[in-house]
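The next block holds one structure in the form of C-alpha cells; read it before the comments.
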Amino acid sequence: MKIKRALISVSDKTGVVELAKRLHGAGVEIVSTGGTMKAIKEARVPVIYVSDVTGFPEIMDGRVKTLNPLIHGGILAVRDNPGHVQAMKEHKITPIDMVVVNLYPFKETISRENVTLAEAIENIDIGGPAMIRAAAKNFKYVTVVTNPARYGEVVDEIEKKGCVNGMLRMQLAQEAFRHTSEYDDCIQNYLMEQVNK
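Be aware that the sequence shown starts at 14, since it is given in the working numbering, and climbs by one per residue.
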C-alpha cells in the first residue's frame, strides 16, 4: 500500500520534525494534533490539523480530539473490502496509511516526587492507544510506529518504494501492541499501589 496520508501525534517529539520533513518530501500528506502540529508547522512543513479532518474541535483539555469515525474509519478500513470502500466514500473518510504515535508520559509523571493522583490520571492516554491498536490491528494496510528509533528505517522504505514492506509492518504492529501493553501494565500497577495504601 502506497503511503499517502500519515497521522502524527507524539508526546516524545524526538526526531518528529525530521520525520515530517522527509515524509512531506516523499509526497505524504500529514495530519496532526496540538503540540505535534505546532512543532511540524514551526519547521515549515505543511500539516493538516486533526480538527480540520473531523470538523470538531479538540475539547475537554485535549481529552477528546482523535476519537472520531473520520480518524478511526481512515485507520481501520480494509482497503480491498468493497463494503469498507463504499463506507469510506459515503462518509467522506480519507484513508490513513501511517500512524505515528507515542503516549502521554505516565511513567515519567508518576516517578516525580509528590505527584498527585489527579496529575497521574491526566497522564493516562486514551486516544493514543486507540489509534495505535487500530493501526496495529490493520497492519496489512497501515504502518504503525511507536518508537522514534524506527523513524529512519521506515521513512527510508517510503522514500525508496512509497510503502513499507509487509514483514516490517507486522514487526511494527507487534511492537505497538507491546508498547500499549506495557503502558497499561504501568497504569494498573500504579492504581493497585494507590488502592493498597
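A virtual CB, placed ideally from N, CA and C, is assigned to each residue, including glycine.
Query, Result
"Cβ-Cβ distance between residue 89 and residue 67 below 8 Å", "no"
"Local Cβ density within 10 Å of residue 45, reported as buried at 16 or more and exposed below that", "buried"
"Proximity of residue 155 and residue 111 at Cβ, strictly below 8 Å", "yes"
"With 16 other Cβ atoms within 10 Å as the buried cut-off, status of residue 138", "buried"
"Alpha helix (DSSP H) segment containing residue 194, residue limits", "179-208"
"Per-residue DSSP class, three states only, for residue 60", "coil"
"DSSP beta-bridge partners of residue 42", "18"
"Buried/exposed call for residue 22, threshold 16 Cβ in 10 Å", "buried"
"Sequence ranges, beta strand (DSSP E) only - wholly within the segment 86-158, length at least 3", "111-115 and 156-158"
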